[in-house]
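These notes are about the structure you will find just below.
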Amino acid sequence: MKKNSLVTYLKRKRVLLIVIGIALISATLVLAFAYTAGLFGGRITTQTFLQDTPKTYPAGYRRAHGKGICFEGTFRASGQAVPYSIARVFAQQNVPVIGRFSLGSPDPYAPDNSTRTVSMAAMLTADDGEQWRMKLNNEPFFATRDAEGFLKQMEAYKPTSATGIPDPARVAAFLKEYPEAQKYVEWDATAPWTRSFAGAQYNVINSFILIDANGKKQAVRWSMVPHAPFTSWSVSQREEASHDFLFEDLKKRLEKGSLYWDLVLTLAEPGDPVNDPSQVWPENRRQIVAGTLEVSHVFDQTKGGCRDVNFDPTRVPKGITLSDDPVLAARAGIYSHSHSDRVREIGYGKATDAVGKPQKETSRNK
Ligand code: HEM
Numbered sequence: 288m289k290k291n292s293l294v295t296y297l298k299r300k301r302v303l304l305i306v307i308g309i310a311l312i313s314a315t316l317v318l319a320f321a322y323t324a325g326l327f328g329g330r331i332t333t334q335t336f337l338q339d340t341p342k343t344y345p346a347g348y349r350r351a352h353g354k355g356i357c358f359e360g361t362f363r364a365s366g367q368a369v370p371y372s373i374a375r376v377f378a379q380q381n382v383p384v385i386g387r388f389s390l391g392s393p394d395p396y397a398p399d400n401s402t403r404t405v406s407m408a409a410m411l412t413a414d415d416g417e418q419w420r421m422k423l424n425n426e427p428f429f430a431t432r433d434a435e436g437f438l439k440q441m442e443a444y445k446p447t448s449a450t451g452i453p454d455p456a457r458v459a460a461f462l463k464e465y466p467e468a469q470k471y472v473e474w475d476a477t478a479p480w481t482r483s484f485a486g487a488q489y490n491v492i493n494s495f496i497l498i499d500a501n502g503k504k505q506a507v508r509w510s511m512v513p514h515a516p517f518t519s520w521s522v523s524q525r526e527e528a529s530h531d532f533l534f535e536d537l538k539k540r541l542e543k544g545s546l547y548w549d550l551v552l553t554l555a556e557p558g559d560p561v562n563d564p565s566q567v568w569p570e571n572r573r574q575i576v577a578g579t580l581e582v583s584h585v586f587d588q589t590k591g592g593c594r595d596v597n598f599d600p601t602r603v604p605k606g607i608t609l610s611d612d613p614v615l616a617a618r619a620g621i622y623s624h625s626h627s628d629r630v631r632e633i634g635y636g637k638a639t640d641a642v643g644k645p646q647k648e649t650s651r652n653k
């Protein structure tokens with residue numbers, strides 16, 4: 288080969304190699320993005336947790352706990368948690384609170400007797416600007432040790448089209464993989480259903496870490512413990528209850544005066560399962576009353592200040608941090624996805640009754 292043609296050949300080859308290199312890098316990036324988004328490889332993403340809901344529920348509503356009511360209130364610290372955490376909320380006398388009571392069902396039109404899960408969400412804003420957001424359920428523990436277990440539980444308990452009930456073989460396979468869920472199944476079958484939002488205890492379920500002035504850490508879980516007595520209903524009372532019984536009861540009680548819950552912190556001891564929300568801690572763990580929440584008013588969620596809030600439980604103030612509970616970590620992304628979907632629908636004018644406008648047939652996300 289002549290010298291000139293050799294140079295041309297090498298130059299061409301170099302260009303070709305560069306082009307191939309760029310193509311390979313681009314393809315790798317596209318594949319990496321597609322994998323991260325869960326488009327192939329069966330990877331579980333936040334979308335996996337929300338997959339059914341956008342088609343089924345009307346625009347603008349939460350993808351779970353769709354039926355709810357906003358509340359306003361005040362948290363008054365007792366000072367008892369100050370030795371454990373520098374969070375200002377534990378010392379401040381009047382912390383304003385925005386919150387929401389809801390049913391566990393995703394359906395915003397669910398009758399109040401259709402689910403045993405009732406919930407409280409709250410956002411405490413201290414005078415140093417730090418916020419503490421939380422979501423609490425009346426269940427005492429989570430069914431499974433991780434978030435994938437939650438998906439498998441949903442799948443296992445889906446009624447089959449042939450029988451209208453869950454397939455016993457699928458349920459058995461789920462319980463074999465997640466034996467800890469048996470405890471939840473038993474609780475669900477036997478524990479009384481609450482007849483009032485006011486008398487329910489709301490539990491954080493996941494674990495968190497308090498940090499004191501010297502940087503010392505203390506793992507905790509907490510509950511909102513009601514001053515109002517717990518009331519349950521018989522099966523027939525429940526079956527006959529009106530569609531909005533629980534929400535009407537809450538409004539009637541608040542017409543007579545405020546409702547109160549103590550914020551009770553349970554302190555873990557070494558060896559307690561901090562990273563497993565399906566395991567309860569021994570009953571003799573030390574508890575302190577960090578303060579009292581007064582709920583003074585409720586507002587329709589279409590207008591109230593809670594509508595567009597993401598009560599993300601990983602949004603904690605200085606002085607509180609997250610544990611390594613895998614369910615807590617998974618929830619942050621799921622909530623953010625649900626929140627951005629619903630506020631986008633509101634922003635683009637797709638929502639109707641979720642924002643207090645008359646519902647059109649087309650407003651459903653079919
Ligand atoms: C992997 C498990 C879970 C999944 C997939 C899940 C999913 C969701 C979704 C999609 C929402 C709607 C969020 C929004 O649009 O703002 C929601 C709300 C809620 N979740 Fe979860 N959740 C899980 C675990 C839990 C646990 C363990 C608790 C209780 C400690 C809880 C309590 C709540 C409450 C109280 C709400 C309503 C909050 C509000 O009123 O804004 N969830 N959940």
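Under this note's numbering, the first residue of the sequence shown is numbered 288, with each subsequent residue one higher.
The beta-carbon is built from N, C-alpha and C at its ideal position, and this holds for glycine as well.
None of the values given here were measured: they were computed from a predicted structure.
- Within its own chain, the residues whose Cβ lies closer than 6 angstroms to the Cβ of tyrosine 471, once the five positions on either side in sequence are excluded, are Ala430, listed in chain order.
- Distance from the C-beta of proline 516 to the nearest heavy atom of the ligand HEM is not below 7 angstroms.
- Judged by beta-carbon spacing, phenylalanine 495 lies within the 8 angstroms limit of valine 507, meaning their Cβ atoms are closer than that value.
- Per DSSP, reduced to three states, the secondary structure at isoleucine 621 is helical.
- Taking non-hydrogen atoms of the ligand HEM into account, the C-beta of tyrosine 465 is found less than 7 angstroms away from none of them.
- In this structure, DSSP gives alanine 368 a state outside helix and strand, which the three-state scheme calls coil.
- In the three-state reduction of the DSSP assignment, proline 398 falls in the coil class, being assigned neither a helical nor a strand state.
- Assignment of asparagine 490 by DSSP, reduced to helix, strand and coil, places it in the strand class.
- Note on the segment 559 to 616: whole beta strand (DSSP E) runs with a minimum of 3 residues are 574 to 587 and 607 to 609, in chain order.
- Within a 10 Å sphere around the beta-carbon of serine 565 sit 16 or more other beta-carbons, which makes this residue buried.
- With respect to the 8 angstroms criterion, phenylalanine 586 and methionine 410 are not classified as neighbours on the basis of their beta carbons.
- For glutamine 418, the enclosing beta strand (DSSP E) has its first and last residue at 418 to 424.
- The residue from Thr332, Gln488, Thr412 and Tyr348 with its alpha-carbon nearest to that of glutamate 359 is Thr412.
- With contacts defined as CB atoms closer than 8 angstroms, arginine 618 and proline 600 qualify as a contacting pair.
- For alanine 506, the pairing in a beta bridge is given by DSSP as Ile496.
- Contact annotation: the segment 619 to 632 touches the segment 588 to 598, with at least three C-beta pairs closer than 8 angstroms.
- Distance from threonine 579 to tyrosine 547 at the Cβ level is roughly 6 angstroms; contact confirmed, criterion being Cβ atoms closer than 8 angstroms.
- In the three-state scheme derived from DSSP, where H, G and I count as helix and E and B as strand, serine 627 is classed as helix.
- The ligand HEM approaches serine 625 closely enough that one of its heavy atoms is under 7 angstroms from the residue's Cβ.
- Aspartate 549 sits in a strand when the DSSP states are folded into three classes.
- At a threshold of 7 angstroms, alanine 617 counts as near the ligand HEM, since its beta carbon sits closer than that to one of the ligand's heavy atoms.
- The shortest CA-to-CA distance from glutamate 632 to any of Ile305, His584, Arg350 and Gly416 is the one to Arg350.
- Shown here, phenylalanine 362 sits in a strand according to DSSP, grouped into three states.
- The alpha carbon of asparagine 493 has as its nearest neighbour, out of Trp509, Thr295 and Arg525, the alpha carbon of Trp509.
- Shown here, phenylalanine 461 sits in a helix according to DSSP, grouped into three states.
- Excluding residues up to 5 positions away in sequence, Gly360, Thr361, Ser545 and Tyr547 lie with their Cβ nearer than 6 angstroms to the Cβ of glutamate 581 in the same chain.
- Between asparagine 562 and aspartate 612, the C-beta gap is smaller than 8 angstroms, which places the two residues in contact.
- Shown here, phenylalanine 429 sits in coil according to DSSP, grouped into three states, outside any helix or strand.
- Under the DSSP assignment, phenylalanine 534 falls in the alpha helix (DSSP H) whose first and last residues are 532 to 543.
- By a beta-carbon distance limit of 8 angstroms, alanine 485 contacts proline 513. Their separation comes to about 6 angstroms.
- Annotation: glutamine 367 to proline 345 spans about 44 angstroms, alpha carbon to alpha carbon.
- Going by beta carbons, glycine 592 and isoleucine 331 fall outside the 8 angstroms limit.
- With contacts defined by Cβ atoms closer than 8 angstroms, valine 642 and glycine 347 form a contacting pair.
- Look at alanine 434: its beta carbon is less than 7 angstroms from one of the heavy atoms in the ligand HEM.
- Here aspartate 415 is exposed, its C-beta having fewer than 16 other C-beta atoms within 10 Å.
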